[in-house]
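Notes follow the structure.
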């Protein structure tokens, strides 16, 4: 009786209070937020793209019918009129925006239109650890040989990103952030992503020596395209999708550090060892810069509070959240760069044994490093379990996370047999890891990650299966769309690229003006 009365009272309070208070974790009985001017313009753009693509499709279908094979009256044989009409960039562009428009409509319906219910997260150990065991078993069954057996080869890094992303997704949907030991281990996984950012971009610039505008624009486009679209469609600030600003800023820091005079690359350093010291000096200055910003909150906030940076990095009127996120993993990108430098130097001097089936070092050194790595894993787990609160743990995290990352790299790469295989299951997810991380905000989780999307009420298991399937398919499709658009919007020809950049700059200027108008109207 009491429980029934309590539920009735809660329903009545939701009906009356939610439309006034508009709580972030409540979806019942709230009116749909009115469309902003930017959202209306986006809807018009996607509608025109769909209409434009349909016109192209109808024209091409009619042309295809005209070129059907005809039968020769004398011989009775079919004559094929084969005309290979290449797909024009405009058609590819319209097709991509057409698909993206339909996907964005689904995003909006899931997390803005109040068409679907949302449910709260309730953490239990079984809701986190059982799915983890399940995906690990699946990952082990899908093993394949790697194309190359180098340390952190492409298949291996994709695998690494893949299993980490799946663990992070389970962490989010199970609400495991309330359990401190799990939270700390997930923080190491996020740090590992940033470590790979430092390692991957440093390796590219060091080996290739390509500091061209095309490379920078390609990376920035692939990182930010989806988030920019979501900021427009879902009416959310850029900083809301915090991980993308994080990797974007770190990429630019890596680029500026290495591109500034003197540009030191591997080819130049091989001719004179002094260039290695020059690069180490650059890295030392980078470390000092990081330390300065990390311990000078005022200077950090002044830099990122300047317009137009403030439009990108402010959340709820200040940049504290951005400072907290950046500071939490402030050293790990530097560690990734330093590791890449040391590894590539050792590889060049043939210190490492990277042949198929060969241990990375001699047996004694390999066994010693493996023992140290396992001990460091266990020590960290014990420390994370005994940590009293998040603030205390987060204070030590920037300094200790790299130990776990290096331990994992050694365990994964020292044994030759481990370096020669990878999980194709995890690698597939690794290729779309960024899209998975971003898309979960609105079409897997809900209420801006605070709840769980309910497509099928009354059947939690079926609901999670259906919503997960759609979520993964959408993330994969967005990855394909981003790749297609990157080839068109960011051409290799410098003169064409500069024209496109001018158009992109004009687009963002217009977006800033419209955003300022919206902010004033809200005030």
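In my numbering, the protein residues as written are 7 to 529. Ideal placement from N, C-alpha and C gives every residue a C-beta, glycine not left out. It should be emphasised that the depicted structure is a prediction, and the values quoted were computed from it without experimental measurement.
Residues that residue i bridges to, as DSSP identifies them
{"i": "residue 458", "result": "125, 451"}
{"i": "residue 324", "result": "321"}
{"i": "residue 429", "result": "149"}
Cβ-Cβ separation, residue j to residue i (assumed contact under 8 Å), whole Å
{"i": "residue 286", "j": "residue 254", "result": "26 Å between Cβ atoms; not a contact."}
{"i": "residue 496", "j": "residue 224", "result": "5 Å"}
{"i": "residue 181", "j": "residue 431", "result": "With 8 Å as the limit, residue 181 and residue 431 do not qualify as a contact, their Cβ atoms being about 25 Å apart."}
{"i": "residue 296", "j": "residue 337", "result": "7 Å"}
{"i": "residue 310", "j": "residue 269", "result": "With 8 Å as the limit, residue 310 and residue 269 do not qualify as a contact, their Cβ atoms being about 27 Å apart."}
{"i": "residue 191", "j": "residue 390", "result": "6 Å"}
N-terminal and C-terminal residue of the alpha helix (DSSP H) that residue i is part of
{"i": "residue 386", "result": "369–392"}
{"i": "residue 485", "result": "466–495"}
{"i": "residue 419", "result": "396–419"}
{"i": "residue 357", "result": "Taken as a continuous stretch (DSSP letters only), residue 357 belongs to no alpha helix (DSSP H), as it is neither H nor E."}
{"i": "residue 161", "result": "160–180"}
{"i": "residue 281", "result": "280–300"}
{"i": "residue 246", "result": "That residue, residue 246, is in no alpha helix (DSSP H); it is neither H nor E in DSSP."}
{"i": "residue 276", "result": "272–277"}
{"i": "residue 311", "result": "Neither: residue 311 is in no alpha helix (DSSP H) and is coded neither H nor E."}
{"i": "residue 105", "result": "95–117"}
{"i": "residue 209", "result": "186–214"}
{"i": "residue 230", "result": "219–239"}
Nearest candidate by alpha-carbon position, reference residue i, set the options
{"i": "residue 212", "options": "123, 354, 383", "result": "354"}
{"i": "residue 408", "options": "126, 176, 93, 202", "result": "202"}
{"i": "residue 195", "options": "473, 334, 289", "result": "334"}
{"i": "residue 106", "options": "98, 52, 68, 64", "result": "52"}
{"i": "residue 379", "options": "393, 280, 417", "result": "417"}
{"i": "residue 323", "options": "244, 302, 266", "result": "244"}
{"i": "residue 118", "options": "438, 237, 412, 434", "result": "237"}
{"i": "residue 189", "options": "178, 198, 199", "result": "178"}
{"i": "residue 506", "options": "160, 220, 122", "result": "220"}
{"i": "residue 427", "options": "69, 125, 159", "result": "159"}
{"i": "residue 404", "options": "462, 340, 362", "result": "340"}
{"i": "residue 215", "options": "225, 223, 183, 273", "result": "273"}
{"i": "residue 210", "options": "110, 346, 93, 101", "result": "346"}
{"i": "residue 519", "options": "68, 246, 313", "result": "313"}
{"i": "residue 135", "options": "437, 167, 174", "result": "174"}
{"i": "residue 148", "options": "510, 457, 435, 270", "result": "435"}
{"i": "residue 317", "options": "291, 372, 242", "result": "242"}
{"i": "residue 421", "options": "453, 108, 373, 124", "result": "373"}
{"i": "residue 115", "options": "321, 184, 452, 381", "result": "452"}
{"i": "residue 457", "options": "123, 100, 493", "result": "123"}
{"i": "residue 437", "options": "226, 412, 486, 414", "result": "486"}
{"i": "residue 439", "options": "235, 168, 382", "result": "168"}
{"i": "residue 342", "options": "472, 132, 332, 205", "result": "205"}
{"i": "residue 442", "options": "429, 472, 476", "result": "476"}
{"i": "residue 126", "options": "450, 55, 360, 108", "result": "450"}
{"i": "residue 207", "options": "525, 356, 265, 150", "result": "265"}
{"i": "residue 413", "options": "381, 461, 263", "result": "381"}
{"i": "residue 289", "options": "276, 320, 348, 307", "result": "348"}
{"i": "residue 357", "options": "511, 157, 50", "result": "157"}
{"i": "residue 302", "options": "491, 162, 332", "result": "332"}
{"i": "residue 226", "options": "491, 515, 524, 120", "result": "491"}
{"i": "residue 49", "options": "69, 109, 444, 61", "result": "109"}
Inter-residue Cα distance where the pair is residue i and residue j
{"i": "residue 259", "j": "residue 329", "result": "16 Å"}
{"i": "residue 233", "j": "residue 153", "result": "33 Å"}
{"i": "residue 304", "j": "residue 199", "result": "28 Å"}
{"i": "residue 171", "j": "residue 396", "result": "22 Å"}
{"i": "residue 433", "j": "residue 367", "result": "26 Å"}
{"i": "residue 508", "j": "residue 63", "result": "30 Å"}
{"i": "residue 400", "j": "residue 59", "result": "50 Å"}
{"i": "residue 521", "j": "residue 261", "result": "29 Å"}
{"i": "residue 38", "j": "residue 141", "result": "37 Å"}
{"i": "residue 517", "j": "residue 325", "result": "20 Å"}
{"i": "residue 78", "j": "residue 96", "result": "Confidence at residue 78 is low in this model, with a pLDDT of 49, below 50, so the placement of that residue is unreliable and no value is reported for it."}
{"i": "residue 164", "j": "residue 410", "result": "19 Å"}
{"i": "residue 183", "j": "residue 387", "result": "16 Å"}
{"i": "residue 67", "j": "residue 57", "result": "15 Å"}
{"i": "residue 251", "j": "residue 111", "result": "24 Å"}
{"i": "residue 81", "j": "residue 104", "result": "Per-residue confidence for residue 81 stands at a pLDDT of 48, beneath the threshold of 50, marking its modelled position as unreliable; no derived number is given."}
{"i": "residue 482", "j": "residue 46", "result": "26 Å"}
{"i": "residue 527", "j": "residue 239", "result": "18 Å"}
{"i": "residue 352", "j": "residue 94", "result": "47 Å"}
{"i": "residue 185", "j": "residue 493", "result": "43 Å"}
{"i": "residue 419", "j": "residue 377", "result": "14 Å"}
{"i": "residue 120", "j": "residue 161", "result": "41 Å"}
Endpoints, the beta strand (DSSP E) within which residue i is located
{"i": "residue 337", "result": "Counting along the chain, residue 337 falls outside any beta strand (DSSP E), and DSSP gives it neither H nor E."}
Check: residue i C-beta below 7 Å from any heavy atom of the ligand MN
{"i": "residue 58", "result": "Within the structure as shown, the ligand MN is missing, as the structure has no ligands at all."}
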